[in-house]
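Here is the structure we will look at.
Numbering (my numbering), first residue to last: 709 to 913.
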């Protein structure tokens, strides 16, 4: 998905639009061997080498129609947030959940790691609850998976979706720090986001 973000001089609204992306599938296979000694023998061990589907699905949270939907220009101190879900809809567990973001249209808003756009990803065990215009709360204790510059590459430790059928109810918050100076005024950045399911390491059986 990608998000177009504009720094504004005031709070006159401009639209920020993002599109939904789906990461593809892969297959995993396991193998085994038999063993015998020099002085004795063992019976063959019967085992199955089976396949599984490695799949990740990025979708809107149950109560929302777009992923993500962040609107309005940002002024220093503003934060815009949107909830969405990541689901392991395959049949095998993941080794890790990876997150990568990069600028397809760049400006000081994404190149300045300190005063530029900051991103926070929080994970809630249950769906996020709306508490006001553009604000949300987690009723079961949220876990912070990432906090830092909007352009990043990370492995999201502690994600629930690494297990088959697991769902992470994520909240992405984009902030323009209060320290952002006049150099940010009128700047535009378009940032793309990718979440990747990493296949777990195979083991001999």
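Where is the CB? At the ideal position from N, CA and C, for every residue including glycine.
Who are the near neighbours of residue i in its chain, counting only those whose CB is closer than 8 Å to its CB and skipping five residues on each side?
i: residue 747; result: Low confidence applies to residue 747: its pLDDT is 42, below 50, so where it sits in the model is not reliable, and the reading given next is rough at best. So the list is empty, once near-sequence residues are dropped.
i: residue 847; result: 832, 834 and 837
i: residue 904; result: 731, 764, 805, 806, 807 and 808
In this structure, what does DSSP give as the bridge partners for residue i?
i: residue 862; result: 807
i: residue 763; result: Partner(s): none; residue 763 has no beta bridge.
Please list, in chain order, all residues of the same chain as residue i whose beta carbon is under 6 Å from its beta carbon, the five residues on each side excluded.
i: residue 732; result: Confidence at residue 732 is low in this model, with a pLDDT of 31, below 50, so the placement of that residue is unreliable and no value is reported for it.
i: residue 777; result: Reliability of the predicted coordinates at residue 777 is poor, the pLDDT of 48 falling under 50, and the value obtained from them is presented with this limitation in mind. For residue 777, where only same-chain residues beyond five positions count, the Cβ hits under 6 Å are 790.
i: residue 828; result: 855 and 881
i: residue 845; result: 837 and 839
i: residue 876; result: 794, 831, 867, 868 and 869
Please state whether the Cβ-Cβ distance between residue i and residue j is less than 8 Å.
i: residue 872; j: residue 806; result: no
i: residue 826; j: residue 885; result: yes
i: residue 788; j: residue 882; result: yes
i: residue 830; j: residue 850; result: yes
i: residue 767; j: residue 793; result: yes
Under the rule that 16 or more other beta-carbon atoms within 10 Å means buried, what is residue i, buried or exposed?
i: residue 888; result: buried
i: residue 781; result: buried
Could you name the residues of the same chain whose beta carbon sits closer than 7 Å to that of residue i, not counting the 5 residues immediately before and after it, in chain order?
i: residue 821; result: 857
i: residue 813; result: 896, 897 and 898
Could you name each continuous alpha helix (DSSP H) segment of 4 residues or more that falls completely within the segment 810-843, going from the start of the chain to the end? Whole alpha helix (DSSP H) segments, 4+ residues: 816-819.
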